[in-house]
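K.L.:
Please see the structure below; I have some questions.
Residue numbers (UniProt numbering): 1 to 192.
Structure (structure tokens):
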């Protein structure tokens, strides 16, 4: 639980550094912020949903800039790394992540079959040979480093997928950290 609180604080700080003015009230739900969605995060479940909502909002506000092949490919590699972070991907999990991908507002910039194909290609490689698949996925992710907005969006996409099931496993955190390193973004910016 503390992990989510830490990320929430990081995200709030990140949001304020992006020029969003907000009272730095302590305590959950004291101020939802412009992207808080108005729900008070009194339960830890609420804060998780709030955080994911905030990343989604940040992504949506950058939607028009996120149309490059580099972002598409890197975000699919990121989603595959998160899905396979613990070394296995159940068919149900693969399907769940696919649904998240094709319903994601920003990723709707791209044809769904392109996204599915790239995501599944990475998952298959990770399952066949985890180390090699991981290295290949990180290479693809690193290609988005040229544009900081795209690089951050790749990590945000990974966070949205990782947090969608309500838990944020240590292996998923590690995958996010590795992606941050590949993109030259300090992992602390995302609380990992």
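Glycine is no exception: its CB is placed at the ideal position from the N, C-alpha and C atoms. As the structure is a prediction and not an experimental result, all values here were calculated from the model.
Mind checking which residues open and close the alpha helix (DSSP H) that includes residue 157?
P.N.:
148-163
K.L.:
Please classify residue 146: is it buried, with 16 or more other beta-carbons within 10 angstroms of its beta-carbon, or exposed?
P.N.:
Classification of residue 146: exposed, given that the 10 Å Cβ count is below 16.
K.L.:
Assign residue 89 to one of three DSSP states: helix, strand, or coil.
P.N.:
Note: residue 89 maps to coil in three-state DSSP.
K.L.:
So, at 8 Å on beta carbons, what are the nonlocal neighbours of residue 107 in its own chain, with the 5 sequence-adjacent residues on each side left out?
P.N.:
72, 75, 101, 115, 157
K.L.:
With a threshold of 16 other CB atoms inside 10 Å of the CB of residue 128, please say whether the residue is buried or exposed.
P.N.:
exposed
K.L.:
Is the beta carbon of residue 52 sitting closer than 8 Å to the one on residue 192?
P.N.:
no
K.L.:
For residue 184, does the count of other Cβ atoms within 10 angstroms reach 16, so buried, or fall short, so exposed?
P.N.:
exposed
K.L.:
Shortest alpha-carbon distance to residue 152 belongs to which of 94, 189, 138, 109?
P.N.:
189
K.L.:
Between residue 105 and residue 60, how many whole angstroms is the CB-CB distance? I'm expecting something under 8 Å.
P.N.:
The Cβ separation is near 5 Å, so the contact holds.
K.L.:
How long is the line joining the alpha carbons of residue 176 and residue 186, rounded to whole angstroms?
P.N.:
11 Å
K.L.:
Among the residues of its own chain, which have a CB less than 6 Å from the CB of residue 77, if the five just before and after it don't count?
P.N.:
Answer for residue 77: 122, 137, 140, 141, listed in chain order.
K.L.:
State the start and end residues of the unbroken alpha helix (DSSP H) segment that holds residue 183.
P.N.:
Premise fails: residue 183 is in no alpha helix (DSSP H) and is neither H nor E.
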